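The working numbering applies: residue 7 is where the sequence shown begins, and numbers increase by one.
Backbone N, C-alpha and C define an ideal beta-carbon position, used for all residues, glycine too.
Quick caveat, the model's predicted, so the values are computed rather than measured.
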Amino acid sequence: MFRQMLRSKIHRVKVTDACLEYEGSITVDETLLEAAGILPYEAVVISNLNNGERFTTYAIPGLRDSGTVSLNGPTARKGAIGDQIIIFCYEFYNEDEIKRHEPRIIRVDDKNRITN
């Protein structure tokens, strides 16, 4: 049997931009994506701490070490610049893998720089 478990999350990043006219997705600083093990175009779940919105989209890499977190396309309506969000990525694991699994948690400062 497989169970879907949290693989990684980027905790409490700040939204730096919102681009309604973009085709969709969330742009995230490439350094943050790599630290969390999130691949370009991989599905992610976003939870907005400011308004309670929760939605699914896909991640695209932003400029490395820029701190960029941009809500694009329709997701731009799910938050505002300055909102704090959590970016979750899930994966399916079998029962043996679950016993050894530890999710990767990435924490950031107020400029979206990794602190751990």
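When you compare each of GLU101, ASP102 and ILE92 to SER14 by their alpha carbons, which one comes out closest?
For this step, residue 14 is matched to residue 8 along the sequence shown. Cα-wise, what sits closest to SER14 is ILE92.
Rounded to whole angstroms, what's the CA-CA distance from GLY88 to SER76? Just pull it up for me.
Translated into the one-based positions of the sequence shown, residue 88 becomes position 82. Translated into the one-based positions of the sequence shown, residue 76 becomes position 70. Going by the C-alpha atoms only, they are around 11 Å apart.
Would you mind sorting ASN57 into buried or exposed? The rule is 16 or more other CB atoms within 10 Å of its CB.
The sequence position of residue 57 within the sequence shown is 51, counting from 1. ASN57 comes out exposed.
Check the C-beta distance from ILE112 over to HIS17 and give it rounded, since I have them as a contact under 8 Å.
Residue numbering aside, residue 112 sits at position 106 when the sequence shown is read from its first letter. Residue numbering aside, residue 17 sits at position 11 when the sequence shown is read from its first letter. 6 Å between Cβ atoms; contact.
Could you please give me the residues that DSSP links to THR33 through a beta bridge?
Position 27 of the sequence shown, counted from the first residue, corresponds to residue 33. According to DSSP, THR33 bridges with ILE66 and SER76.
From the DSSP output, which residues share a beta bridge with ASP23?
Start at 1 with the first residue of the sequence shown, and residue 23 comes out as number 17. The partner list for ASP23 (beta bridge, DSSP) reads SER76.
Could you say which of HIS107, ILE52 and LEU69 lies nearest to THR81 if we only look at CA atoms?
Against the sequence shown, residue 81 aligns to sequence position 75. Comparing Cα-Cα distances from THR81 to each of HIS107, ILE52 and LEU69, the minimum goes to ILE52.
By the DSSP assignment, the alpha helix (DSSP H) with ARG106 in it spans what residues?
Translated into positions along the sequence shown, residue 106 becomes position 100. Unbroken alpha helix (DSSP H) run through ARG106: 101–106.
Which class does LEU39 belong to by DSSP, given the choice of helix, strand or coil?
As a position in the sequence shown, residue 39 is number 33, starting the count at 1. LEU39 falls in the helix class under three-state DSSP.
Taking C-beta to C-beta, are ASP35 and LEU69 nearer than 8 Å?
Stepping through the sequence shown from its first residue, residue 35 is reached at position 29. Stepping through the sequence shown from its first residue, residue 69 is reached at position 63. Contact flag set, yes.
For PHE94, is the classification buried or exposed, using 16 other Cβ atoms within 10 angstroms of its Cβ as the cut-off for buried?
Residue 94 sits at position 88 when you count from the first residue of the sequence shown. That one is buried.
Over the uninterrupted beta strand (DSSP E) stretch that includes ARG113, give me the two end residues.
Your numbering for residue 113 matches position 107 in the sequence shown. Looking at the DSSP string, the run of the beta strand (DSSP E) that includes ARG113 is 110–113.
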